[in-house]
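Colleague:
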Amino acid sequence: SYLLSSQVSSSFSTLPSVDDLISDDPNNNITEAIRSKVGRNLHLQQNHPLNIIKSTIENHFNSTHSEPFALHDSLSPMVSTKHCFDDLLIPPDHVSRSYSDTYYIDADHCLRTHTSAHQSTLIASGESQFLCTGDVYRRDEIDSSHYPVFHQMEGVKMFPLDTPTKVIEDDLKSVLSGMAKTLFGDVEMRWVDAYFPFTEPSYELEIFFNGEWLEVLGSGVIQQQIIRNAGQGEQPGWAFGLGLERLAMVLFEIPDIRLFWSSDPRFHQQFKSGEIIKFKEYSKYPPVHRDISFWTGGKEFHPNDLCEIVRGVCIEEDLVEKVELIDEFVHPKTKKTSNCFRVTYRSMDRSLTNKEVDDIHFQVRDNAVTDLKIEIR
Ligand code: FA5
Ligand code: MG
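So for the sequence shown, full-length UniProt numbering puts the first residue at 14; every next one is plus one.
1. Which value, in whole angstroms, describes the spacing of the CA atoms of S23 and P29?
2. Give me the DSSP bridge partner(s) of E341.
3. Using only CA atoms, which one of F375, C145, I47 and Q132 lies nearest to I328?
4. Quick test of your reading: E213 and E219, contact by CB under 8 Å. State the CB separation rounded to the nearest angstrom.
5. So for F74, helix, strand or coil by DSSP?
6. What are the boundary residues of the beta strand (DSSP E) that L124 is part of?
7. Let me know the secondary structure DSSP gives M166 once reduced to three states.
8. Can you give me the start and stop residues for the alpha helix (DSSP H) that V382 sits inside?
9. Name the DSSP beta bridge partners of R241, please?
10. When the cut-off is 8 Å and only beta carbons count, does T309 lie next to chain B?
11. From the DSSP output, in three-state form, read off F292 for me.
12. Three Cβ pairs or more, each shorter than 8 Å: is that satisfied between the stretch 187-205 and the stretch 274-282?
13. On a CA-only basis, which of V333, V326 and P249 is nearest R271? Give me that one, please.
14. Name the DSSP beta bridge partners of V92, please?
15. For a test of your reading of the model: does the CB of A120 fall under 7 Å from any non-hydrogen atom of ligand 1? Yes or no.
16. Using the C-alpha atoms, what's the distance from P161 back to G198?
17. Applying the 10 Å Cβ sphere with the 16-neighbour rule, what's the burial state of R148?
18. Report whether the distance from the Cβ of S158 to the nearest heavy atom of ligand 1 is below 7 Å.
19. With DSSP as the reference, please indicate the residues paired to Q142 in a beta bridge.
20. What three-state label does DSSP hand K186 in the structure shown?
21. In whole angstroms, what is the alpha-carbon distance linking V31 and V326?
22. Mind checking which residues open and close the alpha helix (DSSP H) that includes H281?
23. Using the Cα positions of I35 and T44, report the straight-line distance between them to the nearest angstrom.
24. Buried or exposed: where does P105 fall if 16 or more other Cβ atoms within 10 Å of its Cβ makes it buried?
25. How is K335 classed by DSSP in three states: helix, strand or coil?
26. On the criterion of 16 or more Cβ atoms from any shown chain inside 10 Å, does W226 qualify as buried, or is it exposed?
27. Kindly indicate which three-state DSSP category E266 falls into: helix, strand or coil?
28. To the nearest whole angstrom, what separates the beta carbons of G250 and K170, a pair I think is in contact under 8 Å?
29. Give me, in chain order, the residues of the same chain whose beta-carbon lies closer than 7 Å to that of A120; leave out the 5 immediate sequence neighbours on both sides.
30. Assign M361 to one of three DSSP states: helix, strand, or coil.
31. Looking at C-alpha atoms only, which residue of G310, D362 and K285 is the closest neighbour of Y295?
32. Are the beta-carbon atoms of E258 and K291 separated by less than 8 Å?
33. Leaving out five residues before and five after H127 in sequence, what residues of the same chain have Cβ atoms less than 7 Å from its Cβ?
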């Protein structure tokens, strides 16, 4: 694996380790639920659907290029903010850096929010083409397709000096649409203009699958400034980043993103390396709903903070299926804002009792009052 220890910050003499993930550093916002996911490495588990997609894509790249792509899949998800943001020319006030979107270890380190966090160091190491896969972390809402940990694959291909941008762009599009054909067969695809601070021009690839357009990846021609800063001068290149869960959910027809984390053999027995099969749903246990209504306090309230609390209380198992805002109003006299959220609890593996959901939900209310300074109605 790759040591990034030249990147030394004020608080760590080397990169942080798993023991540093939770601390009383004022900038630390990592919860136990998140810490327990670091090191799980679903993308490395044999016969796991994420590993099957990863290998299929790696094989596709190395069977369509005579010069092999270097493969990285074990780089630490704990990175410096320099690597995750600054090196990619992401401006200091960009939303992706905010505490409501990113898990910070301290002011200068975070859990990577994308695999692009490794672009600069790998380019600096002189590799001319590589694929880099790993778990990425984003504070986010909770529903069947959003989970705070998911997996991305980054790809970079460098070109000889003076290769025209048009040639690089055409290569990017043909290589990536070839990959999409390998995965999805002869589907309809389209390139949509996009914006990323680190590429210009930038494109998203969408495929038409089961009646709708699905965004599969972001990509573009790498900003020359990034390559120059990485010590590779004027050599041009392209990059892309794709979400493995999103591909796997479509290809295997997996209906809920939490299933990737399940330990149920009825899930895992269905998948085998090299095979893209249709997932057969097994019986679901019933959902249990509980509402929480409150006045938001003086502190700015962000729904992601509530999701975090719900997840925090359910750390032994993933019992939260969804957290949704069902009512919001401002009191005409006091001008205070009232929110009502509905939490859907459901286990992937067993039936929940009303009593245990009551206990969990009571704890959620308690923690929300303490941590978010809200006032229960
Ligand atoms: C990025 O993360 C860029 N780093 C991608 C990139 C790399 C662009 C290199 C240019 C060059 P974005 O946030 O759009 O971009 O995520 C990229 C892909 O990750 C998406 O296309 C999608 O497939 C997947 N993805 C993003 N958010 C989620 C999510 N919440 N759940 C599952 N998959 C997601
Ligand atoms: Mg996007």
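Built from N, CA and C at the ideal position, the CB exists for glycine as well.
Modeller: If we stick to the structure as given:
1. Against the sequence shown, residue 23 aligns to sequence position 10. Against the sequence shown, residue 29 aligns to sequence position 16. With a pLDDT of 46 at S23, under the threshold of 50, the modelled position of that residue is not reliable, and the figure given next carries that caveat. Between S23 and P29, the C-alpha separation is close to 12 Å.
2. The residue given as residue 341 occupies position 328 in the sequence shown. DSSP lists N352 as the bridge partner or partners of E341.
3. Position 315 of the sequence shown, counted from the start, is the residue given in the question as residue 328. Minimum Cα distance to I328 is reached at I47.
4. Translated into the one-based positions of the sequence shown, residue 213 becomes position 200. Translated into the one-based positions of the sequence shown, residue 219 becomes position 206. Taking C-beta atoms under 8 Å as the contact rule, E213 and E219 fail to qualify, at a distance of about 20 Å.
5. For the purposes of this step, residue 74 is identified with residue 61 of the sequence shown, where counting begins at 1. Annotated three-state conformation of F74 is helix, per DSSP.
6. Counting from 1 along the sequence shown, the entry for residue 124 is found at position 111. Here the beta strand (DSSP E) through L124 covers H122 to L124.
7. Counting from 1 along the sequence shown, the entry for residue 166 is found at position 153. Judged by DSSP in its simplified three-state form, M166 adopts strand.
8. The sequence position of residue 382 within the sequence shown is 369, counting from 1. Taken as a continuous stretch (DSSP letters only), the alpha helix (DSSP H) holding V382 covers N367 to L385.
9. Residue mapping note: residue 241 aligns to position 228 of the sequence shown, counting from 1. DSSP output for R241 lists no bridge partner at all.
10. Absence of chain B from the displayed structure is noted, only one protein chain being present.
11. Translated into positions along the sequence shown, residue 292 becomes position 279. Shown here, F292 sits in coil according to DSSP, grouped into three states, outside any helix or strand.
12. No, because fewer than three Cβ pairs between the stretch 187-205 and the stretch 274-282 fall closer than 8 Å, the two stretches do not touch.
13. For this step, residue 271 is matched to residue 258 along the sequence shown. Measuring from the Cα of R271, the nearest candidate turns out to be V333.
14. One-based indexing of the sequence shown puts residue 92 at position 79. In the DSSP assignment, V92 forms a beta bridge with C123.
15. Sequence index remark: in the sequence shown, residue 120 carries index 107 (1-based). Not under cutoff, so the answer is no.
16. Here residue 198 is taken as the residue at index 185 of the sequence shown, counted from 1. Here residue 161 is taken as the residue at index 148 of the sequence shown, counted from 1. Roughly 30 Å between the two C-alpha positions.
17. As a first step, residue 148 is located in the sequence shown; it is residue number 135 there, counting from the start. Just to set this straight, residue 148 is Asp in the shown sequence, not Arg. Burial call: buried.
18. On the sequence shown, position 145 is the one that residue 158 refers to. It does: the Cβ of S158 is within 7 Å (strictly closer) of some heavy atom of ligand 1.
19. Counting from one through the sequence shown, the residue named residue 142 turns up at place 129. DSSP output for Q142 lists K170 as bridge partner(s).
20. In the sequence shown, the residue the question calls residue 186 occupies position 173. K186: helix per DSSP, three-state reduction.
21. Translated into the one-based positions of the sequence shown, residue 31 becomes position 18. Translated into the one-based positions of the sequence shown, residue 326 becomes position 313. If I take the Cα positions, the gap works out to 21 Å.
22. To locate residue 281, count along the sequence shown from 1; it is residue 268. Start and end: P278 to H281.
23. Position 22 of the sequence shown, counted from the start, is the residue given in the question as residue 35. Position 31 of the sequence shown, counted from the start, is the residue given in the question as residue 44. Computed Cα separation, rounded: 7 Å.
24. As a working note, residue 105 is residue 92 in the sequence shown. By the 10 Å Cβ count, P105 comes out exposed.
25. Sequence index remark: in the sequence shown, residue 335 carries index 322 (1-based). Judged by DSSP in its simplified three-state form, K335 adopts strand.
26. Taking the first residue of the sequence shown as 1, we reach residue 226 at position 213. The residue is exposed, with fewer than 16 neighbouring Cβ atoms inside 10 Å.
27. Here residue 266 is taken as the residue at index 253 of the sequence shown, counted from 1. If DSSP states are grouped into helix, strand and coil, E266 belongs with coil.
28. Numbered from its first residue, the sequence shown carries residue 250 at position 237. Numbered from its first residue, the sequence shown carries residue 170 at position 157. About 6 Å separates the beta carbon of G250 from that of K170, a gap short enough to meet the 8 Å contact definition.
29. Sequence index remark: in the sequence shown, residue 120 carries index 107 (1-based). Beyond the five residues adjoining it in sequence on each side, A120 comes within less than 7 Å, by CB distance, of N40 in the same chain, given in chain order.
30. Residue numbering aside, residue 361 sits at position 348 when the sequence shown is read from its first letter. In the structure shown, M361 sits in coil (DSSP, three-state: anything other than H, G, I, E or B).
31. By one-based count along the sequence shown, residue 295 stands at place 282. When each option's Cα is compared against that of Y295, the closest is D362.
32. Along the sequence shown, read from residue 1 onward, the residue named residue 258 stands at position 245. Along the sequence shown, read from residue 1 onward, the residue named residue 291 stands at position 278. Contact flag unset, no.
33. Numbered from 1 along the sequence shown, position 114 holds the residue referred to as residue 127. Within the same chain, H127 has close Cβ partners V149, Q165 and G254.
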